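Participant: Let me give you the structure first, and then I'll get to my questions.
Residue numbers (my numbering): -3 to 282.
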């Protein structure tokens, strides 16, 4: 005979809070770290030409598995743009991405004072939950030396940039009122954002036609604009031979993105997508 059940007996079950806590504990780092590591917007490098053409100083600093590239206005010490490379894991990638986002527009000295605590808090999913299981001093241990190296290398880079600017000024009309590079580039970025979407597409198409498509056409390929979001996220579709080659997501994509950043808008991001043949591509007004 089966024992009678006791109506007063309750079966305990784990609460949703406990399950959430267990799930969080099983993660080695936050979802924000994972997301930034998988979709970095500032991964890449700047070169001497990028700095000299804009009258900026190029500051580079490397420590262990991460390297940063900063373009700095030598007249105001403001960081105009930042990129990074990381050869480490997701935590290092996310730290580089967050640091680049944070320091843009900062004075270099202020940027070099960014602390481990600031970065770790910004990488949390929730204010009360640490971004990593391991102590932040261990997870982000490379940050202080990386920033110290950047600060140490800036005086030489600044002196070189100022000498280049002085040479250009000597060759130009001394009566012209000259804006600092940071002011000029920031105003150019704002002017781009104030254009209509149609005007932006037209400008992008002109650069693609003159600088990008000829090379793709030689390999039997082409490129079409799918959409432009928020003035900065350009979705494109490779066509022909470029649709399946490895360079479509490698060197070719990097070249397209760098070209548009130099000639159109410094914050341009290019994202390739796969679409059905029946999709109607965007085109500039004729």
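We treat Cβ as the ideally placed atom computed from N, Cα and C, and that holds for glycine.
If you're wondering where the values come from, they're calculated on a predicted model, not measured in any experiment.
Three Cβ pairs or more, each shorter than 8 Å: is that satisfied between the stretch 97 to 107 and the stretch 127 to 142?
Facilitator: Touching, no.
Participant: Output needed for residue 228: all residues of its chain with C-beta closer than 7 Å, excluding positions within five of it in sequence on either side, in chain order.
Facilitator: For residue 228, where only same-chain residues beyond five positions count, the Cβ hits under 7 Å are 261, 263, 264, 265.
Participant: Going by C-alpha distance, which of 217, 200, 206 is nearest residue 223?
Facilitator: Taking only the C-alpha atoms, the option nearest residue 223 is 200.
Participant: Between residue 259 and residue 39, what straight-line distance do the alpha-carbon atoms span, to the nearest angstrom?
Facilitator: In a straight line, the C-alpha of residue 259 is about 19 Å away from that of residue 39.
Participant: If we ignore side chains and look at the alpha-carbon of each, how far apart do residue 94 and residue 118 end up?
Facilitator: Taking the straight line joining both Cα atoms gives about 8 Å.
Participant: Would the stretch 47 to 56 and the stretch 84 to 100 be scored as touching if the rule is three or more Cβ pairs under 8 Å?
Facilitator: Touching, no.
Participant: If you run the structure through DSSP and keep just helix, strand and coil, what is residue 85?
Facilitator: Coil at residue 85, not helix or strand.
Participant: Taking 8 Å as the cut-off, decide whether the C-beta atoms of residue 283 and residue 86 are in contact.
Facilitator: Outside the modelled stretch of the chain, which goes from -3 to 282, sits residue 283, for which no answer is possible.
Participant: Could you round the C-beta distance between residue 24 and residue 145 to whole angstroms and report it? I think they count as a contact, below 8 Å.
Facilitator: Not really, about 27 Å apart at Cβ, beyond 8 Å.
Participant: Quick check on DSSP: helix, strand or coil for residue 231?
Facilitator: Three-state DSSP puts residue 231 in a strand.
Participant: Would you list the one or two residues that DSSP bridges to residue 198?
Facilitator: Bridge partners of residue 198: none, in fact.
Participant: Rank 120, 221, 143 by C-alpha distance to the C-alpha of residue 96 and give the top, closest one.
Facilitator: Out of 120, 221, 143, 143 has the C-alpha closest to the C-alpha of residue 96.
Participant: Once you ignore the five residues that flank residue 205 on each side, which residues in its own chain have a CB closer than 8 Å to its CB?
Facilitator: Answer for residue 205: no residue qualifies.
Participant: If you count every other CB in all the chains shown that lies within 10 Å of the CB of residue 138, and 16 or more means buried, which is it?
Facilitator: Burial call: buried.
Participant: Starting from residue 209, follow its DSSP beta bridges and name the residues at the other end.
Facilitator: DSSP lists no partner for residue 209.
Participant: Under a three-way DSSP split, which group does residue 92 fall into?
Facilitator: Residue state, collapsed to three classes: helix.
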